[in-house]
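Heads up: the protein sequence lines correspond to chains A and B, in order. What the first sequence shows, in the numbering used here, is residues 38 to 316, in sequence order. What the second sequence shows, in the numbering used here, is residues 7 to 393, in sequence order. All C-beta atoms, glycine included, are put in the ideal place defined by N, C-alpha and C. Quick caveat, the model's predicted, so the values are computed rather than measured. Structure first, commentary second.
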Amino acid sequence: MTPRQIKTLRSLLFLHLPMLLIVFFAIAPYLWMLLTSLKDESTLFTADRTFLPDPITLQNYVRLFAKTGFISNLGHSFIVAGGAVLLGLSVSITAAYSFSRYRFAGRRPLMLMFLLINMFPVVLLIIPLFIIMKHLNLLDSHLGLILAHSTFAIPFATWMMISYFDVVPKSLDEAAQVDGCSPIAAMIKVVLPVTLPGIIATGIYIFITSWNEYLYASVLAGQAVRVLTVAIQTLIGEYEIAWGLLTAAGVIGALPVTLLFMFVQRRLIAGMTQGAVKG
Amino acid sequence: MSFVSLRNVYKSYGAVDVIHGVNLEIEAGEFIVFVGPSGCGKSTLMRMVAGLEEITKGEIHIGGRVVNDLPPRDRDIAMVFQDYALYPNKTVFQNMAFGLQLRKTPAEEMRRRVAEAAETLQITHLLERLPKALSGGQRQRVAMGRAIVREPKVFLFDEPLSNLDALLRNQVRAEIKKLHKRTKGTIIYVTHDQVEAMTLADRIVVLRAGHIIQVGTPDEIYHHPLHRFVAEFTGSPPMNLIDAKVEAVEDGVAVVAEGVAPVRLPPHLAIDAQPYIGREVMFGIRPENLHLADCNTAPRWPTLSLRVDLVEPMGAENLIHFTFGKGDLIGRFGTSVRPTEGTNLNVAFDPAHFHLFDKKSEQSIGTVLPTPQTHDAARTACADPAA
Chain A
38 MTPRQIKTLR SLLFLHLPML LIVFFAIAPY LWMLLTSLKD ESTLFTADRT FLPDPITLQN
98 YVRLFAKTGF ISNLGHSFIV AGGAVLLGLS VSITAAYSFS RYRFAGRRPL MLMFLLINMF
158 PVVLLIIPLF IIMKHLNLLD SHLGLILAHS TFAIPFATWM MISYFDVVPK SLDEAAQVDG
218 CSPIAAMIKV VLPVTLPGII ATGIYIFITS WNEYLYASVL AGQAVRVLTV AIQTLIGEYE
278 IAWGLLTAAG VIGALPVTLL FMFVQRRLIA GMTQGAVKG
Chain B
7 MSFVSLRNVY KSYGAVDVIH GVNLEIEAGE FIVFVGPSGC GKSTLMRMVA GLEEITKGEI
67 HIGGRVVNDL PPRDRDIAMV FQDYALYPNK TVFQNMAFGL QLRKTPAEEM RRRVAEAAET
127 LQITHLLERL PKALSGGQRQ RVAMGRAIVR EPKVFLFDEP LSNLDALLRN QVRAEIKKLH
187 KRTKGTIIYV THDQVEAMTL ADRIVVLRAG HIIQVGTPDE IYHHPLHRFV AEFTGSPPMN
247 LIDAKVEAVE DGVAVVAEGV APVRLPPHLA IDAQPYIGRE VMFGIRPENL HLADCNTAPR
307 WPTLSLRVDL VEPMGAENLI HFTFGKGDLI GRFGTSVRPT EGTNLNVAFD PAHFHLFDKK
367 SEQSIGTVLP TPQTHDAART ACADPAA
């Protein structure tokens with residue numbers, strides 16, 4: 038074989054093939070779920086079941102939206118995730134700006150504290166949070182869940198924003214202040230526009246994490262405020278699993294975050310190539 | 007117009023003092039350069055004038071007002087930063103207009119001022135570009151334009167040429183000088199480069215470890231350094247400094263370096279050196295004040311035969327390194343002076359430019375000479391008032 042052929046064969050064998058396998062391994066469950074959702078439920082366990090849906094039916098989706106309260110579940114998820122984004126970003130941006138730009142007593146310990154909280158498993162806080170929410174009458178409310186999600190959103194977002202702010206030279210803030218801005222105006226008018234890709238990426242990460250979150254959503258809410266993840270769980274019954282509805286709900290539920298990831302990916306790359314100051 | 011005054015200014019970071027009691031008066035329209043090695047406090051001092059650093063103690067006045075508690079935006083200053091600090095997602099026009107926009111300047115006025123400044127700095131064709139599409143020199147000019155349009159009381163430059171290559175540095179330096187002549191603004195300029203200081207300044211402030219060592223015109227700093235540090239800081243190559251002892255000789259006072267014949271001091275310096283007889287001092291002479299001893303040499307000029315170690319041809323002149331006792335000496339000579347290495351050369355020392363420094367305090371010993379006249383080597387025989 039010619040050297041070029043050997044090279045092609047080698048890259049096929051050791052690069053492309055393993056990659057395809059890994060991608061398939063990652064995507065297979067989703068694909069399977071999608072295929073199942075497009076099949077008639079009655080055909081799922083028959084002897085002559087097929088791999089691909091035959092015929093393709095949207096019955097599961099129709100039933101999902103018509104018969105269950107899925108729309109409202111989606112709505113609750115959106116409200117909670119959106120609220121977590123708003124609260125998380127507003128608090129973390131201002132905190133991160135202070136950590137990045139100023140030196141004050143207790144700065145290092147506070148930053149370390151945020152880092153440590155990041156490492157907490159969420160399940161550690163579930164009982165304390167439940168007790169607090171009960172006392173504050175925030176159980177089963179949007180606000181309660183938003184606050185609960187903020188407990189992991191804010192530390193993470195703060196750390197991410199600190200690194201985004203650190204990249205922007207302090208001389209930019211100073212130039213803005215000399216030009217006529219107050220320190221806060223300098224932050225809003227000059228620094229935030231430069232770090233916008235980072236803010237968007239952080240916001241999307243908070244949204245995705247909150248959207249996918251199950252534990253807090255099921256313990257601290259569940260009746261009046263039933264989000265997507267909890268609703269899907271109810272489709273897994275004691276004796277029977279509503280496969281058709283379940284897979285359809287899974288596909289719909291995964292859709293927003295998939296689309297957001299695609300959007301972030303493009304934005305992130307564009308943001309990274311945009312030069313700041315002399316770099 | 008404006009008048010900047012620093013009175014007893016101190017700066018500390020916690021327990022660490024970085025600026026110790028600085029006093030300085032800057033006249034309106036003056037070009038003041040703060041110069042000194044890294045860490046001497048020159049940037050910190052300027053940033054205190056700007057309002058970007060807190061003033062621990064003391065007062066700073068701009069235009070007759072105490073500005074200690076005023077934020078930068080209320081001090082009527084403009085600043086050009088070392089890394090340009092242009093707003094990356096604004097065009098050149100928007101960068102320059104930003105300050106005016108914040109002060110609610112009418113659009114017509116804004117456009118006029120930006121156009122004028124752009125014209126002056128020859129960046130009119132760049133007005134619609136983003137900073138990332140500009141070269142370093144262009145960015146620096148935009149940064150200067152941003153300062154000019156504000157028409158401030160004081161311009162502050164923080165090592166603006168440090169990030170430019172050598173050729174650009176010369177060009178932008180000339181532009182800054184022209185800018186000063188045109189706007190007649192008060193400029194405070196920070197640099198560690200003594201060439202920039204010498205060429206740009208009306209007055210130079212030499213700083214070291216948070217203290218002002220000397221303030222003076224470039225001429226004064228160069229020819230009358232009050233401290234060894236100032237003497238060594240200016241001049242390229244720097245002043246020759248030799249350890250020597252002051253001794254009385256038959257018709258006056260001389261400095262004796264180990265292994266070298268005594269060098270007689272001129273009368274005015276001899277008087278000031280009297281208290282130092284028998285003590286160690288440092289003898290200083292700049293390379294350009296060493297001359298070839300020939301028939302034109304004034305009789306009173308000390309002449310020594312020195313061994314040539316190295317000849318460096320610089321194109322317009324030759325730098326010659328000599329052995330001088332235990333140490334060495336560098337002299338600047340014309341291109342016709344080209345001795346062979348290892349041979350001896352008769353070198354005449356110009357006594358009008360002798361410097362003596364106390365070995366311990368490093369302060370200058372000696373009265374302030376009248377401003378020396380410039381003269382070239384061929385006519386030394388005629389001009390020599392001090393000897």
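- Collapsing the DSSP output to three states places B/Gln144 in a helix.
- Counting the other CB atoms within 10 Å of its CB gives B/Pro273 a total below 16, which places it among the exposed residues.
- Counting the other Cβ atoms within 10 Å of the Cβ of B/Lys48 gives 16 or more, which makes it buried.
- With fewer than 16 neighbouring CB atoms inside 10 Å of its own CB, A/Leu149 falls in the exposed class.
- Residue B/Met102 holds the alpha-carbon nearest to the alpha-carbon of B/Ile154 among B/Met102, B/Leu232, B/Val24, B/His230.
- Within the segment 97 to 111 of chain B, the residues whose Cβ lies closer than 7 Å to some Cβ of chain A are Phe104, Gly105, Leu108, Arg109, listed in chain order.
- Under a criterion of Cβ atoms nearer than 8 Å, the residues of chain B adjacent to A/Ser219 are, in order, Pro77, Arg79.
- Residue environment analysis places A/Tyr253 among the buried positions, since at least 16 neighbouring C-beta atoms fall within 10 angstroms of its C-beta.
- Note on B/Asp225: under 16 other CB atoms within 10 angstroms of its CB, so exposed under the neighbour-count rule.
- Between B/Pro166 and the set B/Asp249, B/Pro293, B/Ala91, B/Ile32, the nearest pair of CA atoms involves B/Ala91.
- Around A/Ser247, the same chain offers Val117, Ala118, Ala121, His186, Ala190 as residues with beta carbons nearer than 7 Å, after the five sequence neighbours per side are excluded.
- Apart from the 5 residues on each side of it in sequence, B/Gln369 sits with its Cβ closer than 7 Å to the Cβ of Leu232, His233, Phe363 in its chain, given in chain order.
- Going by beta carbons, B/Glu134 and B/Thr97 fall inside the 7 Å limit.
- Among the CB atoms of chain A, one or more fall inside 7 Å of the CB of B/Met85.
- Checking the DSSP bridge columns, you'll see B/His297 partnered with B/Ala354.
- Nearest neighbour of B/Tyr228 by Cα position, chosen from B/Thr126, B/Ala207, B/Arg214, turns out to be B/Ala207.
- Cβ neighbours of B/Glu36 within its own chain (closer than 7 Å, five residues either side excluded): Thr192, Asp208, Arg209.
- Relative to B/Lys366, the option among B/Met288, B/Arg344, B/Ala354, B/Ala358 whose CA is nearest is B/Met288.
- Looking from the CA of A/Ser200, the closest CA among A/Phe136, A/Val159, A/Glu250 belongs to A/Phe136.
- In this model, A/Met56 and A/Val294 are separated by some 23 Å (Cα to Cα).
- With fewer than 16 other CB atoms across the displayed protein chains lying within 10 angstroms of its CB, B/Ala254 is exposed.
- Between the segment 302 to 321 of chain B and the segment 345 to 357 of chain B, the count of C-beta pairs closer than 8 Å reaches three or more; the two stretches touch.
- DSSP places A/Ser208 in the helix class (H, G or I) of the three-state scheme.
- Of the candidates B/Gly258, B/Pro345, B/Met85, the residue whose Cα lies closest to the Cα of B/Leu275 is B/Gly258.
- Beta bridge pairing from DSSP links B/Val287 with B/Ala250, B/Asp364.
- Neighbourhood of A/Pro230 in chain B, by CB distance below 7 Å: Asn95, in chain order.
- Per the coordinates, the alpha-carbon of A/Gly181 lies some 7 Å from the alpha-carbon of A/Met170.
- Counting every other CB atom within 10 Å of its CB across the protein chains shown gives B/Asn246 a total of 16 or more, marking it as buried.
- Proximity of A/Val227 to chain B, defined by a Cβ-Cβ separation below 7 Å, is satisfied.
- For the set A/Ala103, A/Thr131, A/Thr271, A/Gly259, the Cα lying nearest the Cα of A/Met198 is the one of A/Thr131.
- About 5 Å separates the CB atoms of A/Leu282 and A/Leu101; that is less than 8 Å, so the two are in contact.
- Counting along the chain, B/Tyr16 sits inside the beta strand (DSSP E) bounded by residues 10 to 19.
- With a 10 Å radius around the Cβ and a threshold of 16 neighbouring Cβ atoms, A/Trp69 comes out exposed.
- Distance from B/Phe99 to B/Val86 at the Cβ level is roughly 18 Å; contact not present, criterion being Cβ atoms closer than 8 Å.
- At a cut-off of 7 Å between beta-carbon atoms, A/Asp216 makes contact with chain B.
- Contact with chain B is found for A/Ser208, since one of that chain's Cβ atoms lies less than 7 Å from the residue's Cβ.
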